[in-house]
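Taken in order, the sequence shown gives residues 1 to 314; the numbers are from full-length UniProt numbering.
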Amino acid sequence: MRNSAEIPSEQKSLHHPPIDPSHFHNMDADSSSSTPQITPEVASVVPATPLFTSQTLTVASLSLAVVCLAILVFFTRRKSRSNGNLLLLVGPPDAGKTAILSTLVYDQTLPTHTSLQTNASIVPLPEVKKTLTVVDIPGHPRIRDQVSEYIGDSKAIAFVVDASTVSRNGPAVAEHLHIILNALTSLPPSQALPSLVILAHKSDLLKSGTAASATSESLAINRVKTILERELEKRRVSQSGGVGVEGLGEEGERTEMGGLECSGEKGVFRFDAWEGGEVLFLGTSVKVTKGAAVDEKAGTDGLSSLRQWMEDNA
Numbered sequence: 001m002r003n004s005a006e007i008p009s010e011q012k013s014l015h016h017p018p019i020d021p022s023h024f025h026n027m028d029a030d031s032s033s034s035t036p037q038i039t040p041e042v043a044s045v046v047p048a049t050p051l052f053t054s055q056t057l058t059v060a061s062l063s064l065a066v067v068c069l070a071i072l073v074f075f076t077r078r079k080s081r082s083n084g085n086l087l088l089l090v091g092p093p094d095a096g097k098t099a100i101l102s103t104l105v106y107d108q109t110l111p112t113h114t115s116l117q118t119n120a121s122i123v124p125l126p127e128v129k130k131t132l133t134v135v136d137i138p139g140h141p142r143i144r145d146q147v148s149e150y151i152g153d154s155k156a157i158a159f160v161v162d163a164s165t166v167s168r169n170g171p172a173v174a175e176h177l178h179i180i181l182n183a184l185t186s187l188p189p190s191q192a193l194p195s196l197v198i199l200a201h202k203s204d205l206l207k208s209g210t211a212a213s214a215t216s217e218s219l220a221i222n223r224v225k226t227i228l229e230r231e232l233e234k235r236r237v238s239q240s241g242g243v244g245v246e247g248l249g250e251e252g253e254r255t256e257m258g259g260l261e262c263s264g265e266k267g268v269f270r271f272d273a274w275e276g277g278e279v280l281f282l283g284t285s286v287k288v289t290k291g292a293a294v295d296e297k298a299g300t301d302g303l304s305s306l307r308q309w310m311e312d313n314a
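Structure, rendered in structure tokens:
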């Protein structure tokens, strides 16, 4: 009887030999050679141009800085004082500029005549322990333009008007003042404007009239200010209407100039509204000393207000 636990001989022959690993490598190589390789397409990426390059940002920053600086300088120059050390005496001929200069320098007023050359002297300011160079520029039409040579180094400008004759020669005085106003407003924005004072000179020649309480200085100031505002307004209206203003250049030449711009309704010219800055009015006078005698009452020569203004602006 056959033992059932005995394994048939044919089943014993089913034992498999060891598997060679290289066989699988060969199979992979064969399969890869028969399978087509798919290469993925890679889209070419063009780098996007940035909206703001470093160069653009630099230019924009510089432009903004320039604009801010210009605005700052524009407002600063209206409030700051010029660093110059000159006081310019300007105005029409025979207004009394040279007499004022000699009084400031020598404490006495010497006889003078119409000058055709620029004079300069150093005036001491004892209260502030400083000095100020005063330049007397002739008012002759062919010489008065020399003011442009000094205005850049000036600390202040004193425009001298003969208050006793301004009623007759108001247009000529306004013409000269217009040149000064235009020169001031034409200065570079980076430069501080010199202070401007208008001297209603020879105030001692005015009579108080019915206004018993009014001083001769206040009468002179009111007269000069009223007449100059009226004449300068005429010039402004003529220019705004496209009509050139006579007397600003060579004979027969009609020229347009700025310097009369004012804030307020319709831009009517008023010294209080002048866009060039503050304009101060002072009443002054001097008394001519005969010979070489020195006035023992120095400082009471009618220039006390001017002297004080010079001390305050030194």
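Where a beta carbon is used, it is the ideal one built from N, C-alpha and C, also for glycine.
Predicted model, so just to flag it, every value in this text is computed and none were measured.
Problem set entry | Residues that Ala156 bridges to, as DSSP identifies them | Leu87 and Ser195
For this session: Determine the extent of the beta strand (DSSP E) in which Asp136 is found, giving its start and end residues.
Result: Lys130 to Asp136
Exercise. Looking only at C-alpha atoms, which of Lys287, Leu196 and Leu219 sits nearest to Phe271?
Worked result: Leu196
Exercise. Would the beta-carbon of Thr118 fall within 9 Å of that of Ile100?
Worked result: no
Exercise. What's the C-alpha gap between Gly194 and Ser121?
Worked result: The question names Gly, but residue 194 is Pro in the sequence shown. Cα to Cα, Pro194 sits roughly 19 Å from Ser121.
Exercise. Any idea if Glu265 is buried or exposed, counting beta-carbon neighbours within 10 angstroms, 16 or more meaning buried?
Worked result: exposed
Problem set entry | Sequence-distant residues of its chain with Cβ nearer than 8 Å to Ser186 (five each side left out) | Gly258 and Gly259
Problem set entry | Residues that Thr109 bridges to, as DSSP identifies them | Val288
Exercise. Given Gly302, which residues of its chain have a CB within under 6 Å of its CB, disregarding the five upstream and five downstream residues?
Worked result: Thr284, Ser285 and Val286
Exercise. Helix, strand or coil: how does DSSP classify Phe271 here?
Worked result: helix
Exercise. Which of the three DSSP states, helix, strand or coil, is assigned to Pro92?
Worked result: coil
Exercise. How many Å lie between Pro93 and Pro126 at the Cα?
Worked result: 30 Å
Exercise. Secondary structure at Leu282, three-state DSSP: helix, strand or coil?
Worked result: strand
Problem set entry | From Asp153, Val279 and Val134, residue whose alpha carbon lies closest to that of Ile198 | Val279
Problem set entry | Rounded C-alpha distance that separates Ile151 from Leu88 | 8 Å
Problem set entry | Between the CA atoms of Ala214 and His140 - distance to the nearest angstrom | 34 Å
Exercise. Shortest alpha-carbon distance to Arg236 belongs to which of Glu175, Ile221, Ser190 and Val224?
Worked result: Glu175
For this session: Return helix, strand or coil for His140, following the three-state DSSP convention.
Result: coil
Problem set entry | Same chain, Cβ closer than 7 Å to Val73, five either side skipped, listed in chain order | Note that Val73 scores 43 on pLDDT, short of 50, meaning its location in the model is unreliable; the coordinates nonetheless yield the value given after this. Excluding sequence neighbours, Val73 sits near Pro189 and Ser190.
For this session: Would you list the residues sitting across from Val123 in a DSSP beta bridge?
Result: Leu132
Problem set entry | First and last residue of the uninterrupted alpha helix (DSSP H) at Ser263 | No alpha helix (DSSP H) contains Ser263, which DSSP labels as neither H nor E.
Problem set entry | From Leu86, Gly277, Asp162 and Leu184, residue whose alpha carbon lies closest to that of Asn222 | Asp162
Exercise. Helix, strand or coil for Ala314 per DSSP?
Worked result: coil
Exercise. Rounded to whole angstroms, how far is the Cβ of Leu219 from the Cβ of Leu177, which I believe are closer than 8 Å?
Worked result: Actually they are not in contact, since the Cβ atoms of Leu219 and Leu177 sit about 20 Å apart, beyond 8 Å.
Exercise. In its own chain, which residues sit with a C-beta less than 8 Å from the C-beta of Leu184, not counting the 5 before and 5 after it?
Worked result: Ile151, Ile157, Leu193, Pro194, Leu196, Gly259, Gly276 and Gly277
Problem set entry | With 16 other Cβ atoms within 10 Å as the buried cut-off, status of His113 | exposed
Exercise. What's the C-alpha gap between His201 and Ser240?
Worked result: 31 Å
Exercise. How long is the line joining the alpha carbons of Leu306 and Asn313, rounded to whole angstroms?
Worked result: 11 Å
Problem set entry | Identity of the residue in Glu261, Leu104 and Ser203 nearest Trp309 by Cα | Leu104
Exercise. So what does DSSP say about Glu253, is it helix, strand or coil?
Worked result: Note that Glu253 scores 45 on pLDDT, short of 50, meaning its location in the model is unreliable; the coordinates nonetheless yield the value given after this. The answer is coil: DSSP assigns Glu253 none of H, G, I, E or B.
Problem set entry | Cys262 to Glu149 span [Cα, whole Å] | 26 Å
Exercise. Quick one: what's Val166 bridged to in DSSP?
Worked result: Beta-bridge pairing links Val166 to no other residue.
For this session: Quick one: give me the first and last residue of the alpha helix (DSSP H) that Thr226 is part of.
Result: Ser216 to Ser240
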